[in-house]
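The sequence shown begins at 181 in my numbering and counts up by one.
From the three backbone atoms N, C-alpha and C, an ideal C-beta is built for every residue, glycine too.
Given the structure is predicted, the values throughout are model-derived calculations rather than measurements.
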Amino acid sequence: MKTFLLQFFTWWNSQTLGTRFHTWRHGKEVGQDEAGNVYYEGGVDSEGRTRRWVIYRDYSEASMIPPGWHGWMHHRVDVAPPSDTYKPRDWQKPHQPNLTGSAAAYRPKGSILSNQHRPQVTGDYDAWTPGS
181 MKTFLLQFFT
191 WWNSQTLGTR
201 FHTWRHGKEV
211 GQDEAGNVYY
221 EGGVDSEGRT
231 RRWVIYRDYS
241 EASMIPPGWH
251 GWMHHRVDVA
261 PPSDTYKPRD
271 WQKPHQPNLT
281 GSAAAYRPKG
291 SILSNQHRPQ
301 VTGDYDAWTP
311 GS
């Protein structure tokens with residue numbers, strides 16, 4: 181019952197009832213990533229391409245899609261990662277979550293949230309003036 185109410189009243193918890201119904205009617209499961217997100221395809225969009233979508237395991241967070249699946253979702257590659265012919269590129273790194281807003285977020289020197297002091301200004305800046 182809790183799952184039904186969450187799907188009925190919220191859009192950020194995995195999927196809505198409309199998405200569940202659309203997936204049931206038109207979706208064909210393609211695979212699942214290591215985070216538990218499930219990927220589907222089915223139907224055709226306005227450009228004639230096959231629609232592709234993801235049902236997140238927990239909260240709907242786009243940064244939770246690993247690089248291989250991201251390429252497939254955006255029609256950059258035709259082969260989904262669970263396929264035997266899928267080969268990740270050399271430059272693809274393992275997935276890292278978006279840490280913005282967390283304690284592990286990047287905070288440069290001088291940030292009010294960091295305990296480091298801003299670097300001293302060197303004074304090598306010359307303001308531009310017209311005609312110079």
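Would residue i and residue j qualify as a contact pair, given that the criterion is a beta-carbon distance under 9 Å?
i, j, result
"Met253", "Val224", "no"
"His255", "Ala215", "no"
"Glu227", "Val210", "no"
"Pro277", "Ser243", "yes"
Kindly list the residues whose CB is nearer than 6 Å to the CB of residue i, restricted to its own chain and excluding five residues on each side of it in sequence; keep chain order.
i, result
"Val257", "Gly251"
"Gly248", "Pro261, Pro268"
"Gly207", "Tyr220, Gly222"
Using 10 angstroms around the beta-carbon of residue i, count the other beta-carbons present and answer buried if the total reaches 16, otherwise exposed.
i, result
"Tyr219", "buried"
"Arg232", "buried"
"Gly198", "exposed"
"Ile292", "exposed"
"Asn217", "buried"
"Gly311", "exposed"
Counting only the same chain and skipping the five closest in sequence on each side, list residues whose C-beta sits under 7 Å from that of residue i.
i, result
"Ala285", "Leu279"
"Thr302", "none"
"Val259", "Thr265, Tyr266"
"Asp213", "Pro246, Trp249"
"Arg287", "Leu293, Ser294"
"Gln300", "none"
"Thr203", "Tyr220, Ile235"
"Thr309", "none"
For residue i, which residues of its own chain have a beta-carbon under 8 Å away from its beta-carbon, when the five flanking residues on both sides are left out?
i, result
"Thr230", "Glu221, Gly222, Gly223, Val224"
"Gln272", "Pro247, Gly248"
"Lys289", "Gln296, His297, Arg298, Pro299"
- Query: What residue ranges within the segment 227-303 form continuous beta strand (DSSP E) runs of no fewer than 3 residues, ordered along the chain?
  - Reply: 230-235
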